[in-house]
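Beneath this line is the structure, given in structure tokens, with notes to follow.
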Amino acid sequence: YAAKLRNDGAVVYDSSIDKGSEQSLSLLTELRTALERDEFRLFVQPKIHFDTGKVVGAEALVRWVHPERGNVFPDEFIPFAEQTGFIRKLTRWVLEQSAALCQSLDAAGIQLKVSVNLSTRDLMDQDLPAKFRDMLERRRLSAASFCLEITESAIMDDPVRAEQTLARLHAMGVELSIDDFGTGYSSLAYLKRLPVNELKIDKSFVLNMESDAGDVMIVRSTIQLGHNLGLRVVAEGVESEAVWHQLKSMNCDQGQGYYMSRPIPADQLLLWMQQWRAPEPVSVPVPVVAS
Ligand code: C2E
Ligand code: MG
Ligand code: MG
Ligand code: MG
Numbered sequence: 510y511a512a513k514l515r516n517d518g519a520v521v522y523d524s525s526i527d528k529g530s531e532q533s534l535s536l537l538t539e540l541r542t543a544l545e546r547d548e549f550r551l552f553v554q555p556k557i558h559f560d561t562g563k564v565v566g567a568e569a570l571v572r573w574v575h576p577e578r579g580n581v582f583p584d585e586f587i588p589f590a591e592q593t594g595f596i597r598k599l600t601r602w603v604l605e606q607s608a609a610l611c612q613s614l615d616a617a618g619i620q621l622k623v624s625v626n627l628s629t630r631d632l633m634d635q636d637l638p639a640k641f642r643d644m645l646e647r648r649r650l651s652a653a654s655f656c657l658e659i660t661e662s663a664i665m666d667d668p669v670r671a672e673q674t675l676a677r678l679h680a681m682g683v684e685l686s687i688d689d690f691g692t693g694y695s696s697l698a699y700l701k702r703l704p705v706n707e708l709k710i711d712k713s714f715v716l717n718m719e720s721d722a723g724d725v726m727i728v729r730s731t732i733q734l735g736h737n738l739g740l741r742v743v744a745e746g747v748e749s750e751a752v753w754h755q756l757k758s759m760n761c762d763q764g765q766g767y768y769m770s771r772p773i774p775a776d777q778l779l780l781w782m783q784q785w786r787a788p789e790p791v792s793v794p795v796p797v798v799a800s
């Protein structure tokens, strides 16, 4: 706060000086209230195996259903939640909701891996692995039902501590994924030594694959890099059938994107799965721009 001491000794708050932190404080209050009032909603986006066309997982994506503003997207509050540390509470909420989803899928006889996004703050949270383990025990779930997504930049913020947390989580049997691959500062040396199972190609390289030969080259090389490192490769941002076929022909393992489904409320996932049909294989080879 930009507090000023007046001549009469009273402390006044000068809002003109520090409008930013005033707004920040109210946003933090709003986020806390939103959690109490149960205004966050778990949305999920299916992950599809290209070879079989089957749904193999779902990524948990949080939405804030604001009483006046309607659906607020994560880009509008996640960065702030990270700055203030509120993200730790939100991550626990997302993990609990994802666990509840796993349980209801289990009950329906369906095995899916649920992917949850972690932030830098979560990686610095020494209690997270133990809390996660407690939750699994309480809900009688296997760690193998989960995949945790971390961005390169979150790891590089404090590689040593990140590595510790990730090693502990991995030892429990949970899978780890590098999200938004290719957009952050990354170190291939770390990629090699971290106990990672999956690499997710950022949507910025996937969205325009139909028309951009450079993107095609990047995606193809990334798939090869991932496979050479023994990782599963997932493409996010698949928006058309043409891109689906391109990725499939490049041996990409799984895809996620608006072509298959936008993120949907978690309780609609089963219904969506019943309606999902993978595209028919194309008989003629897809023209993939030469590298
Ligand atoms: P992300 O983890 O990379 O998630 C993928 C984002 O791409 C999602 O945006 C998803 O809706 C969007 N997307 C998926 N397919 C397509 C497509 O075909 N076209 C386009 N244009 N976009 C597509 P969303 O849900 O708005 O989330 C944005 C980011 O916010 C996420 O990026 C993630 O970094 C963060 N986020 C979301 N939920 C959580 C959470 O529970 N915890 C944390 N720490 N971060 C979260
Ligand atoms: Mg993600
Ligand atoms: Mg991503
Ligand atoms: Mg992203």
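Take the sequence shown: its position 139, counting from 1, is numbered 648 in full-length UniProt numbering, and each next residue is one higher. Glycine included, each C-beta is placed from N, C-alpha and C at the ideal position.
Would you say the beta carbon of residue i is closer than 6 Å to some non-hydrogen atom of ligand 1?
i    : result
G579 : no
E748 : yes
N626 : yes
D688 : yes
G693 : no
V705 : no
V669 : no
R732 : Correcting the residue type first, residue 732 is Ile in the shown sequence and not Arg. No, since every heavy atom of ligand 1 falls outside the 6 Å radius drawn around the Cβ of I732.
F595 : no
Y767 : yes
F582 : yes
Applying the 10 Å Cβ sphere with the 16-neighbour rule, what's the burial state of residue i?
i    : result
N580 : exposed
K701 : exposed
A775 : buried
T538 : exposed
N516 : Residue placement at N516 is poorly supported in this model, since its pLDDT is 47, which falls under 50; the coordinates are not used for a value here.
T542 : exposed
S607 : buried
R729 : buried
P555 : buried
F582 : exposed
N737 : exposed
T561 : exposed
A722 : exposed
G766 : buried
R597 : buried
Q777 : exposed
P576 : exposed
Let me check you understand the geometry: is the CB of residue i closer than 6 Å to at least one non-hydrogen atom of ligand 3?
i    : result
E745 : yes
D643 : no
K709 : yes
From the DSSP output, in three-state form, read off residue i for me.
i    : result
W785 : coil
P668 : helix
K622 : strand
K556 : strand
L708 : strand
R677 : helix
T561 : coil
V725 : helix
R702 : helix
V747 : coil
S792 : coil
V742 : strand
V752 : helix
G764 : strand
S770 : coil
E719 : coil
D547 : coil
Using beta-carbon positions only, say whether residue i and residue j come within less than 7 Å of one another.
i    : j    : result
Y639 : V603 : Strictly speaking, residue 639 in this sequence is Ala, with Tyr absent from that position. In this structure, V603 does not lie closer than 7 Å to A639 by Cβ.
G566 : K622 : yes
V791 : D762 : no
R550 : R572 : yes
A663 : T629 : yes
I557 : G764 : yes
A590 : L599 : yes
N706 : E684 : yes
L740 : L708 : yes
Would you say residue i faces chain C, with C-beta separation under 7 Å as the test?
i    : result
A616 : Given the protein chain composition of this structure (a single chain), no chain C is represented.
Regarding residue i and ligand 2, is the C-beta to nearest heavy atom distance less than 6 Å?
i    : result
E684 : no
E658 : yes
### Task
Enumerate, from N- to C-terminal direction, the unbroken alpha helix (DSSP H) stretches of 4 or more residues contained entirely within the region 574-655.
587-593, 596-616, 629-633, 637-647
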